[in-house]
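These notes concern the structure reproduced below.
Residue numbers (our numbering): 487 to 654.
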């Protein structure tokens with residue numbers, strides 16, 4: 487009886503080894519961070535998404551560190567006063583600290599996936615506001631979701647634009 491159980495156990499292990507050998511490991515090309523129920527204003531979160539979109543991860547981290555030190559403003563729309571170097575903007579320190587944590591996690595994911603950081607750019611989905619908590623009370627009111635991706639960057643060729651201008 488003990489021999490049959492041992493024999494079945496050995497067969498099971500050999501099948502598991504074969505399954506792992508047959509698996510094809512594909513190399514990941516992008517890195518993703520999904521932030522849910524962040525305690526940040528929807529307006530601030532959307533403005534930060536617009537500011538860091540298309541940037542390299544290290545430059546985006548530097549930009550947000552400058553925002554937390556209040557040396558760089560985040561460009562915003564609406565009736566907001568002028569800031570140095572832009573039409574209108576604010577210094578959303580709390581939201582930028584949240585985004586800094588997300589960007590550092592995104593960078594760690596990219597390093598874990600063996601991606602080349604120089605060839606990747608940030609693609610940020612403007613967040614959707616989540617359902618707010620109940621009226622008043624001790625609940626937090628600012629809730630937003632965000633999806634950040636690092637995707638491969640391809641340079642657009644300007645030759646096509648020159649050809650189109652020549653045809654006109």
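For every residue, glycine included, the Cβ atom is placed at its ideal position computed from N, Cα and C. All figures in this text were calculated on a predicted structure; none of them were measured in a lab.
For residue i, count the other beta carbons within 10 Å of its own beta carbon; 16 or more makes it buried, fewer makes it exposed. Which is it?
{"i": "residue 578", "result": "buried"}
{"i": "residue 603", "result": "exposed"}
{"i": "residue 557", "result": "exposed"}
{"i": "residue 525", "result": "exposed"}
{"i": "residue 733", "result": "Since the first residue of the chain shown is 487 and the last is 654, residue 733 is not available in this structure."}
{"i": "residue 590", "result": "exposed"}
{"i": "residue 575", "result": "buried"}
{"i": "residue 537", "result": "buried"}
{"i": "residue 628", "result": "buried"}
Tell me the DSSP secondary structure of residue i in three-state form.
{"i": "residue 528", "result": "helix"}
{"i": "residue 634", "result": "strand"}
{"i": "residue 599", "result": "coil"}
{"i": "residue 566", "result": "coil"}
{"i": "residue 556", "result": "coil"}
{"i": "residue 537", "result": "helix"}
{"i": "residue 591", "result": "helix"}
{"i": "residue 582", "result": "helix"}
{"i": "residue 611", "result": "strand"}
{"i": "residue 573", "result": "coil"}
Of the residues the options, which one's Cα is nearest the Cα of residue i?
{"i": "residue 547", "options": "594, 574 and 565", "result": "594"}
{"i": "residue 581", "options": "640, 517, 635 and 630", "result": "630"}
{"i": "residue 635", "options": "601, 530 and 641", "result": "601"}
{"i": "residue 555", "options": "536, 571, 583 and 567", "result": "583"}
{"i": "residue 550", "options": "568, 535 and 638", "result": "535"}
{"i": "residue 520", "options": "572, 610, 528 and 641", "result": "610"}
{"i": "residue 544", "options": "632, 608 and 639", "result": "608"}
{"i": "residue 587", "options": "540, 529, 632 and 641", "result": "632"}
{"i": "residue 559", "options": "516, 513 and 533", "result": "533"}
{"i": "residue 517", "options": "566, 541, 598 and 641", "result": "598"}
{"i": "residue 539", "options": "527, 522 and 561", "result": "561"}
{"i": "residue 528", "options": "571, 563, 638 and 515", "result": "563"}
{"i": "residue 638", "options": "570, 585, 541 and 531", "result": "541"}
{"i": "residue 522", "options": "585, 513, 640 and 641", "result": "585"}
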